[in-house]
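Each remark here refers to the structure printed beneath this line.
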Amino acid sequence: MNKPYWECENPSVVDAGKQRFKHYKQSGVIEICSKIDENGKEKEFRRQTISAYKLQSNEQLQSMMLDFLEAAGLICKVDNKET
Numbered sequence: 000m001n002k003p004y005w006e007c008e009n010p011s012v013v014d015a016g017k018q019r020f021k022h023y024k025q026s027g028v029i030e031i032c033s034k035i036d037e038n039g040k041e042k043e044f045r046r047q048t049i050s051a052y053k054l055q056s057n058e059q060l061q062s063m064m065l066d067f068l069e070a071a072g073l074i075c076k077v078d079n080k081e082t
């Protein structure tokens with residue numbers, strides 16, 4: 000039986016305020032969670048994952064992610080229509 004990605008791979012981790020982003024590169028997964036301080040210990044909750052497979056197979060999700068990246072100023076959409 001194969002182990003889950005979080006047991007097999009050490010992710011790249013970025014803390015951004017009250018959120019933590021983890022990138023499991025080999026598995027093609029980004030995990031986003033909120034974090035709180037509970038009795039002096041940091042605890043993660045509300046964990047969400049986006050897999051490369053889901054992104055590749057869902058045009059609506061692709062469009063949403065591209066709109067988000069454009070709004071953040073990280074990409075610029077190019078109109079390929081010929082005039």
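Quick note: numbering that gives the first Met the number 0 has the sequence shown finishing at residue 82, numbered continuously throughout.
All residues carry an ideal CB built from backbone N, CA and C; glycine is no exception.
The structure displayed is predicted, hence computed values, not measured ones.
Of the listed residues the options, nearest to residue i (C-alpha basis)
i	options	result
Arg45	Glu69, Met64 and Lys34	Lys34
His22	Ala51, Lys40 and Ser56	Ala51
Glu41	Asp66, Leu68, Asp78 and Lys17	Lys17
Gln25	Glu8, Arg19 and Asn57	Glu8
Trp5	Asp36, Leu60, Thr48 and Glu37	Thr48
Ala94	Val77, Met63, Cys75 and Cys32	It is not possible to answer for residue 94, since the shown part of the chain is limited to 0 through 82.
Ser11	Glu37, Gln59, Leu54 and Glu30	Glu30
Short Cβ contact (7 Å threshold) for residue i with residue j
i	j	result
Leu60	Leu68	no
Quiz item: Residue ranges of each alpha helix (DSSP H) run of no fewer than 4 residues wholly in the region 8-76, ordered along the chain?
Solution: 51-56 and 58-70
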